[in-house]
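Visitor: Got a structure for you, questions after.
Residue numbers (my numbering): 615 to 1022.
What follows is the structure, given as structure tokens:
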């Protein structure tokens, strides 16, 4: 994988790659080191216990958080197929309009994609059952990771600590006794049927459930307060702040350098794309004929770009997949960004140099975004948490590891 591909991946806030880099590569190691140093102020034994808990908690959560949803999704898709449906049929197609929809696409693609149409007809005849299956998939793919991260992992972690501390108690006297187990978390049923959510959006949902679970399983009131604050801030820094920062940097680049950097680095580095701009042969659709253009010009450069960056799907024979929903708003926004880039590039006098400048600016924005968010998650948030802990509890030690008799 090239450097541009890596930068493109970590700059896509709609994918899990920035989360993997921030969570596993930067945030977790930094938090583990800081946890040890902070609890060492209390005692070495406290530092070792706290670090072990943090290590298990951070990386155990990361494995479930990053891999749990895709794994459960895959199992659910297998079950949906066994029930006779293809989960590739997008639920948004149940909303019919004059450009796409389940009935509309069945009529339009009956001769072009007969096998896919049969799958759609099965859904059309059993809409209620199909919706229930997708709703069940959503509930399971978010509910199971929430239960594992928010309840079973912390409970197991705390149980391990109690077992280890009992052994420690027989070897040397310590000031802290084993803390009491927390109360069971209460998971309420998910009322939403947002079966079409992306993996990242589902991860945001599981993060909310994780917060509830961690507060519920906390071992005393101070640990509950700390968990509530820390988890809420982590949700903001993982899912909201990166989008705000990216928009801010891209807008700043446009203002200062007069360079549109709202396109993906891979596209800015695409020589064929740049040459087509130079030769004035990049065919673009109009706002009102996006879907018709994609259907009639499947081999065009724009159709290929829409497939790569906007989620448009084509079958192996080149026919657009009638089971997939076409997000016209997303494609139209993408089209406008390309047109804006073309206009700026041509007016610059040197299209190649302008593209290189845009690529450098976009790459710098992405790296800065990852750096800022990682710093806030891995350094600033733990430091603030430690300061608040000291002010509230009067101790540097993890609240859940402190003797419950000392908690006020």
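Think of the CB as a built atom: it goes at the ideal place given N, C-alpha and C, for glycine as much as any other residue.
If residue 915 and residue 896 are in contact, beta carbons under 8 Å, what's the gap, nearest whole angstrom?
Guide: 6 Å between Cβ atoms; contact.
Visitor: Taking the DSSP output, what are the residues bridged to residue 934?
Guide: Looking at the DSSP assignment, residue 934 forms a beta bridge with 928.
Visitor: Return the CA-CA distance between residue 947 and residue 923, expressed in angstroms with no decimal places.
Guide: So the alpha carbons of these two residues sit roughly 11 Å apart.
Visitor: Within the same chain, show all residues whose beta-carbon is closer than 6 Å to that of residue 945, passing over the 5 residues directly before and after it, in chain order.
Guide: The residues are 904, 920, 924.
Visitor: Quick check: residue 664 and residue 651, are their CB atoms within less than 7 Å of each other?
Guide: Cβ atoms of residue 664 and residue 651: not closer than 7 Å.
Visitor: Quick one: what does DSSP say residue 656 is sitting in, helix, strand or coil?
Guide: Note: residue 656 maps to coil in three-state DSSP.
Visitor: Are the stretch 688-706 and the stretch 745-764 touching by the rule of at least three beta carbon pairs closer than 8 Å?
Guide: In short, these stretches touch, since the Cβ pair count reaches three.
Visitor: Quick check on residue 934: buried or exposed, where buried means 16 or more other Cβ atoms within 10 Å of its Cβ?
Guide: So residue 934 ends up on the buried side.
Visitor: Where in the stretch 702-762 do unbroken runs of the alpha helix (DSSP H), each at least 4 residues long, occur, reported from the N-terminal end onward?
Guide: Fully enclosed alpha helix (DSSP H) runs of 4 or longer: 716-723, 728-739, 741-761.
Visitor: Specify the secondary structure class of residue 854 as computed by DSSP and reduced to three states.
Guide: Looking at residue 854 - three-state DSSP - the assignment turns out to be coil, as it is neither helix nor strand.
Visitor: Under 8 Å: do the stretch 875-883 and the stretch 964-978 share three or more Cβ pairs, one atom per stretch?
Guide: The stretch 875-883 vs the stretch 964-978: in contact.
Visitor: If contact is defined by three or more beta carbon pairs under 8 Å, each pair taking one atom from either stretch, is the stretch 951-958 in contact with the stretch 884-898?
Guide: Touching, yes, given that three or more Cβ pairs across the two stretches are closer than 8 Å.
Visitor: If residue 966 sits next to residue 888, beta carbons under 8 Å apart, how far is it from one beta carbon to the other, in whole angstroms?
Guide: Contact holds; Cβ gap of about 7 Å.
Visitor: What is the DSSP secondary structure of residue 806, reduced to helix, strand or coil?
Guide: Reliability of the predicted coordinates at residue 806 is poor, the pLDDT of 32 falling under 50, and no value is obtained from them.
Visitor: Would you mind working out which of 982, 666, 648 sits nearest residue 858, comparing C-alpha positions?
Guide: That would be 982, whose Cα lies nearest to the Cα of residue 858.
Visitor: Report the option in 736, 642, 819 whose CA atom is closest to the CA atom of residue 677.
Guide: Residue 677 has its Cα closest to that of 642, out of 736, 642, 819.
Visitor: Can you list, in chain order, the residues of its chain with a C-beta nearer than 6 Å to that of residue 968? Leave out the 5 residues immediately preceding and following it.
Guide: Excluding sequence neighbours, residue 968 sits near 959, 962.
Visitor: Taking the alpha helix (DSSP H) that residue 1023 belongs to, which residues open and close that run?
Guide: Nothing in the structure corresponds to residue 1023, since the chain is present only between 615 and 1022.
Visitor: What residue range does the alpha helix (DSSP H) around residue 765 cover?
Guide: First-last for residue 765: undefined, no H or E at that position.
Visitor: So, with DSSP's three-state summary, where would you put residue 900?
Guide: Of the three classes helix, strand and coil, the one that applies to residue 900 here is coil, per DSSP.
Visitor: If I measure Cβ to Cβ from residue 668 and keep anything under 6 Å in the same chain, skipping five residues before and after, which residues do I get?
Guide: Closer than 6 Å at the Cβ level, and outside the excluded window around residue 668, lie 646, 649.
Visitor: Are the beta-carbon atoms of residue 595 and residue 624 separated by less than 7 Å?
Guide: Past the boundaries of the shown model lies residue 595; the chain is included only from 615 to 1022, so the question cannot be answered.
Visitor: What is the residue span of the alpha helix (DSSP H) that residue 821 lies within?
Guide: Start and end: 813-831.
Visitor: Among 616, 863, 633, which one has its Cα closest to the Cα of residue 849?
Guide: It is 633.
Visitor: Evaluate the contact criterion for the stretch 719-739 versus the stretch 757-767: three or more CB pairs, one atom per stretch, below 8 Å.
Guide: Cβ pair count under 8 Å is below three, so no.
Visitor: Starting from the Cα of residue 697, find the closest Cα among 705, 740, 937 and give me that residue.
Guide: It is 740.
Visitor: Rounding to the nearest angstrom, what Cα-Cα distance links residue 866 and residue 685 in this structure?
Guide: Computed Cα separation, rounded: 39 Å.
Visitor: By the DSSP assignment, the alpha helix (DSSP H) with residue 984 in it spans what residues?
Guide: Segment 965-989, the alpha helix (DSSP H) holding residue 984.
Visitor: Which of the three DSSP states is assigned to residue 665 in this structure?
Guide: In the structure shown, residue 665 sits in a helix (DSSP, three-state: H, G or I).
Visitor: Pull up the distance between the alpha-carbon of residue 672 and that of residue 778, whole angstroms please.
Guide: Between residue 672 and residue 778, the C-alpha separation is close to 19 Å.
Visitor: Leaving out the 5 sequence neighbours to the left and right, which residues in its chain are closer than 6 Å to residue 819 when beta-carbon positions are compared?
Guide: Closer than 6 Å at Cβ, skipping near neighbours: 756.
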